[in-house]
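Asks: Structure below; questions to follow.
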Amino acid sequence: MTFGPQLKAARMILGWDEATMARALRLAGTPEKAAARVREMELGKRDISGPVQVAVEALLSGWRPTGWQD
Numbered sequence: 004m005t006f007g008p009q010l011k012a013a014r015m016i017l018g019w020d021e022a023t024m025a026r027a028l029r030l031a032g033t034p035e036k037a038a039a040r041v042r043e044m045e046l047g048k049r050d051i052s053g054p055v056q057v058a059v060e061a062l063l064s065g066w067r068p069t070g071w072q073d
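What follows is the structure, given as structure tokens:
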């Protein structure tokens, strides 16, 4: 089983779009490219690293990056 469906479920629980998830994960690149990477991860077209998986778990537990504004 891949983590992609879990990533999408987490994003939906948080009520975020792909761009917001990318920003929370601090993915590099333009907002459009970072959002596209989130979509690729969700679809299983891109590997999801262990640190991203841990970050998603932390986000679901209520943690937010320093200076985060919804």
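With the sequence shown counted from 1, adding 3 to any position gets you this note's numbering.
All residues carry an ideal CB built from backbone N, CA and C; glycine is no exception.
With a Cβ-Cβ cutoff of 8 Å, do Ala-58 and Leu-30 count as a contact?
Replies: Mapped onto the sequence shown, residue 58 falls at position 55. Mapped onto the sequence shown, residue 30 falls at position 27. Taking 8 Å as the Cβ cut-off, Ala-58 and Leu-30 do not qualify as a contacting pair.
Asks: Quick one: what does DSSP say Thr-23 is sitting in, helix, strand or coil?
Replies: The residue you call residue 23 lines up with position 20 of the sequence shown. The answer is helix: DSSP assigns Thr-23 an H, G or I state.
Asks: By the 10 Å Cβ neighbour count, where 16 or more other Cβ atoms means buried, how is Pro-34 classified, buried or exposed?
Replies: As a working mapping, residue 34 is identified with position 31 in the sequence shown. The residue in question, Pro-34, is exposed, as its Cβ has fewer than 16 Cβ neighbours within 10 Å.
Asks: Please list, in chain order, all residues of the same chain as Ile-51 whose beta carbon is under 6 Å from its beta carbon, the five residues on each side excluded.
Replies: By 1-based counting over the sequence shown, the position of residue 51 is 48. Closer than 6 Å at the Cβ level, and outside the excluded window around Ile-51, lie Phe-6, Met-44.
Asks: Within the 8 Å Cβ cut-off, does Val-57 reach chain D?
Replies: The structure shown contains no chain D, having only a single protein chain.
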